[in-house]
Every structure is written in structure tokens, then in C-alpha cells.
Amino acid sequence: MVTYKNDDQWFAQIGPQLGATFDEHSLTFDNEIGKGDFYRVHIDQGLRVRRVIVQFHKPVIFKRKLTHDPGYYVLVSNLSEQYLETRTGEQQFSLGYGTENGLYFSSPQLTASYTFEPGVRYHLIFVVLTYERIHNFISRQPETQQPLLRSFADVDRPVYHVECLDSYSLNLLKEMDNQMHDGRGNNLLVHSRCLELCHHVLQKVEQRRSRKSLTAPVHPSDVSKLNEIRRALLDSYHLPCPPLHVAAQRALMSPTKFKNLFKQLFGHTYYQFYKNVRMHKARELLLTEKMNASEVGYLLGYNNLSKFTKAFKDAFAVTPGSVMSARPSPNVPPAF
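Under UniProt numbering, think of the first position of the sequence shown as 1, with each following residue one higher.
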């Protein structure tokens, strides 16, 4: 078991336990325990991002100890295809891209553990914020939003929260991930995407809480079926969207139940989710692949470049060409 606290000495705490070498920005190991490449960026006072790419030879549990001071809050996302079993207190869930739990926010007043299975390559992004930074941010927000925000950083009522890793969040995380290397020009992109991600998660929480009284508990079997539909949309972004009634039949639900539960779980209507998946995939391809706008539009089924450009601009308020010009430098580290 690897134990630690979320503070400035994180690498110094876990490094000896993993037999790793480390400095201010990176930690690496390749030994009988496994192979790992950890990297962190200090973005601003009280705000940092960590990337963890690791594969162990035996089961390993990372356990975060609770603290009795305000400490550090952490937003964890799992970009791996494999789920990461996570436990907070008596609650256990699967943190992963293909589940309803993709983003995880937790208080330092709670213990947390992550179970890494052997032979699996995990890819995680941590956004770490201090109590002081969170409260300074809250104090500058409109009074109507402050109660919700304070509920996340209340030392007397520690909480954790899980959210769906939707296509918007995933795109932000991948852009941050692409900049987590020594060759980056500056921290501005990582900083802006980090703040966008935090804002997006808070929006989703606010929306969910505002309609909490209107929603009913969802049966686990329904969650599983809806995640199968969601995963099919993510995997088949280049194909026409199956009609809602067809998706409902596959989920063994009525169209009305399917429509309501889909929005309740994922925060978007069925068709809006499909549209978001396509546009964010298009943005990802334009940023990371050697494809032009015509090639990406054709891949997504647009025979007319102007229609693709309009759909893209409606989603992001910029043209595909402007995104292509922002492609990251090829000076990135080799794949793990």
C-alpha cells in the first residue's frame, strides 16, 4: 500500500515507497513494482495539475490519509479504458471513461483509496486546489452561487462528488494532457483549461441539484444500459445517430423513460450528447492528427465543408482552421 497526503511533498512521500527517482516536476520508476511516469505542473498559487501514467506488476493500493486542517482538494479524472476502483469512506465506485463516474472531487477531511490492478496501463489527471484558493474564488462569486460552492469546501461537512466524464470534459483534459511535458511554452493553456474544467463540473453539479427534487432514484440496471448506449455513441461518432426510439429499444425502455433518464444521468439530451461527441471529436482530430478540415468533416459524414464549418463554429465559436493553427508543438515526450 502506498500512503500519502495531498500536499507540497507528494513526490517525496510516494517516491521512496515506489523505489522512484524524482525532482520538482517528475517522478519515474521501472522496477519489480512496475513502471510509472508522473509529471506535475505548478500553475498558480494553490493550483497544480498532475499526470500519472502507471502500470504495476502486482495489485497496488494508493491511500490518501485524511487531514485535520483545510488541506488540498482534488479533482481526479481517469482517461484509461480500464476502470479504477475507488473508495471514499463506505462508498465504492468505478472511476472511468465508460462509466457514469468519470470525474471525482474529494475533500481532504475524507480518506480515499485507489486500487490499481496488475498489468493495466492507467492514465490519470489530478487537479489539486488549496482550501485558501477555493475560498478566495468563492468570495468573488455572486452571492446566489456561494452556498453551492461553499458546500464543496466546508471543513465541518466534508464531501466527495462524482460526475460523468462527458465529451466536453474529456476534450479539456486531453488538451491539458498534451501540454504536460518539459517542452511546453508556458502554463497558460493548462491554466485556462483547468479553470474551464472546474467551472464545467460546478455547472453540472448546480444543474443536478436544481432538479434533484424532480428526479427519482435510478436502478443500477438502467444505469448500466444507458452507459452501453453512451459508450456506443462515443465509439461510433462517425456514424449517423440511431433514432431515439431505436436507442430506447436497445436499453429496454420506453422512449419517454429513456429520454428523461439519459438527460438526468448525462446532463444533455440524447441528440445533444451525440452532437457534442462529434464536434469534440472533430476538435480533437484537428488538434492532434495530421488531418485538415475537409478530411475531418468527411470522416464525420459531412459532404459539404461549409456545413461542417457552420456546425463546428456553432459549437465552439471558432472555425476549424483556427483550431488547426493551434496544434501543439511536436516537441512532446515519447509514449509511455
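Glycine is no exception: its CB is placed at the ideal position from the N, C-alpha and C atoms.
Quantities reported herein were computed from a predicted structural model and do not represent experimental measurements.
Check your understanding: Between residue 41 and residue 75, is the Cβ-Cβ spacing less than 9 Å?
Key -> Translated into the one-based positions of the sequence shown, residue 41 becomes position 41. Translated into the one-based positions of the sequence shown, residue 75 becomes position 75. Not a contact, by the Cβ cut-off of 9 Å.
Check your understanding: In the DSSP assignment, what are the bridge partners of residue 34?
Key -> Counting from 1 along the sequence shown, the entry for residue 34 is found at position 34. According to DSSP, which records beta bridges pairwise, residue 34 is partnered with 56.
Review point. Helix, strand or coil: which one does DSSP assign to residue 127?
Key: Translated into positions along the sequence shown, residue 127 becomes position 127. Strand at residue 127.
Check your understanding: For residue 55, which residues of its own chain have a beta-carbon under 6 Å away from its beta-carbon, when the five flanking residues on both sides are left out?
Key -> By one-based count along the sequence shown, residue 55 stands at place 55. Once the five neighbours on either side are set aside, the close Cβ partners of residue 55 are 34, 35, 121.
**Study point:** C-beta neighbour in chain B for residue 241, strict 9 Å
**Key:** Included in the structure is just one protein chain, with no chain B present.
Exercise for review: Grab the span of the beta strand (DSSP E) containing residue 2 for me, first residue to last.
Suggested key: Taking the sequence shown and counting its residues from 1, one reaches residue 2 at position 2. From DSSP, the beta strand (DSSP E) with residue 2 extends over 2-4.
Practice item. Less than 8 Å between the CB atoms is what I'm expecting for residue 277 and residue 233, so what's the real figure, rounded? Key: Taking the first residue of the sequence shown as 1, we reach residue 277 at position 277. Taking the first residue of the sequence shown as 1, we reach residue 233 at position 233. Yes, they are in contact, since the Cβ atoms of residue 277 and residue 233 sit about 6 Å apart, within 8 Å.
**Study point:** Buried or exposed (CB count within 10 angstroms, at least 16 for buried), residue 271
**Key:** Within the sequence shown, the letter at position 271 stands for residue 271. That one is exposed.
Practice item. Measure the alpha-carbon distance for residue 290 versus residue 49 and round it to whole angstroms. Key: Here the question's residue 290 lines up with position 290 in the sequence shown. Here the question's residue 49 lines up with position 49 in the sequence shown. The alpha-carbon atoms of residue 290 and residue 49 are separated by roughly 28 Å.
Check your understanding: How about the segment 17-32 and the segment 102-110: do they share at least three Cβ pairs that are nearer than 8 Å?
Key -> no
Exercise for review: Drop a sphere of 10 angstroms on the beta-carbon of residue 171, count the other beta-carbons inside from all chains shown, and report buried for 16 or more, exposed for fewer.
Suggested key: Counting from 1 along the sequence shown, the entry for residue 171 is found at position 171. Residue 171 comes out buried.
Check your understanding: Starting from residue 266 and walking both ways along the alpha helix (DSSP H), at which residues does that stretch end?
Key -> Looking up residue 266 in the sequence shown gives position 266. Note, residue 266: alpha helix (DSSP H), 255-266.
Check your understanding: Under three-state DSSP, which class holds residue 295?
Key -> Taking the sequence shown and counting its residues from 1, one reaches residue 295 at position 295. In this structure, residue 295 counts as helix in the three-state DSSP scheme.
Point to revise | Where residue 14 falls, given that 16 or more other Cβ within 10 Å makes a residue buried | key: In the sequence shown, residue 14 corresponds to position 14, counting from 1. Buried, by the Cβ-count rule.
Exercise for review: Helix, strand or coil for residue 74, going by three-state DSSP, please let me know.
Suggested key: Reading the sequence shown from its first residue, position 74 is the one you call residue 74. In the three-state scheme derived from DSSP, where H, G and I count as helix and E and B as strand, residue 74 is classed as strand.
Practice item. Select from 230, 186, 142 the residue whose C-alpha is nearest the C-alpha of residue 248. Key: The residue you call residue 248 lines up with position 248 of the sequence shown. Residue 230 is the option with its Cα nearest to residue 248.
Review point. Can you tell which of 79, 322, 150 has the C-alpha that lies nearest to the C-alpha of residue 131?
Key: Your numbering for residue 131 matches position 131 in the sequence shown. Measuring from the Cα of residue 131, the nearest candidate turns out to be 150.
Point to revise | Option in 301, 44, 115, 323 with minimal Cα separation from residue 188 | key: Your numbering for residue 188 matches position 188 in the sequence shown. Of 301, 44, 115, 323, the residue nearest in Cα terms is 44.
Review point. Helix, strand or coil: which one does DSSP assign to residue 252?
Key: For the purposes of this step, residue 252 is taken as the residue at position 252 of the sequence shown. Residue state, collapsed to three classes: coil.
Review point. Rounded to a whole number of angstroms, what is the C-alpha to C-alpha distance between residue 95 and residue 202?
Key: Residue mapping note: residue 95 aligns to position 95 of the sequence shown, counting from 1. Residue mapping note: residue 202 aligns to position 202 of the sequence shown, counting from 1. Answer to the nearest angstrom: the Cα atoms are 18 Å apart.
Review point. To which residues does DSSP link residue 49 through a beta bridge?
Key: As a working mapping, residue 49 is identified with position 49 in the sequence shown. Beta-bridge pairing links residue 49 to 41, 127.
Exercise for review: Evaluate residue 65 with the Cβ neighbour count: other Cβ atoms within 10 Å of its Cβ, from every protein chain shown; 16 or more gives buried, anything less gives exposed.
Suggested key: Residue mapping note: residue 65 aligns to position 65 of the sequence shown, counting from 1. A residue is called buried when at least 16 other Cβ atoms come within 10 angstroms of its Cβ; residue 65 does not meet this threshold and is exposed.
Point to revise | Buried/exposed call for residue 157, threshold 16 Cβ in 10 Å | key: Start at 1 with the first residue of the sequence shown, and residue 157 comes out as number 157. So residue 157 counts as exposed.
Check your understanding: Going by the beta-carbon positions, is the gap between residue 312 and residue 282 smaller than 9 Å?
Key -> In the sequence shown, residue 312 corresponds to position 312, counting from 1. In the sequence shown, residue 282 corresponds to position 282, counting from 1. Contact: yes.
Practice item. With DSSP as the reference, label residue 317 as helix, strand or coil. Key: Numbered from 1 along the sequence shown, position 317 holds the residue referred to as residue 317. DSSP places residue 317 in the coil class of the three-state scheme, outside both helix and strand.
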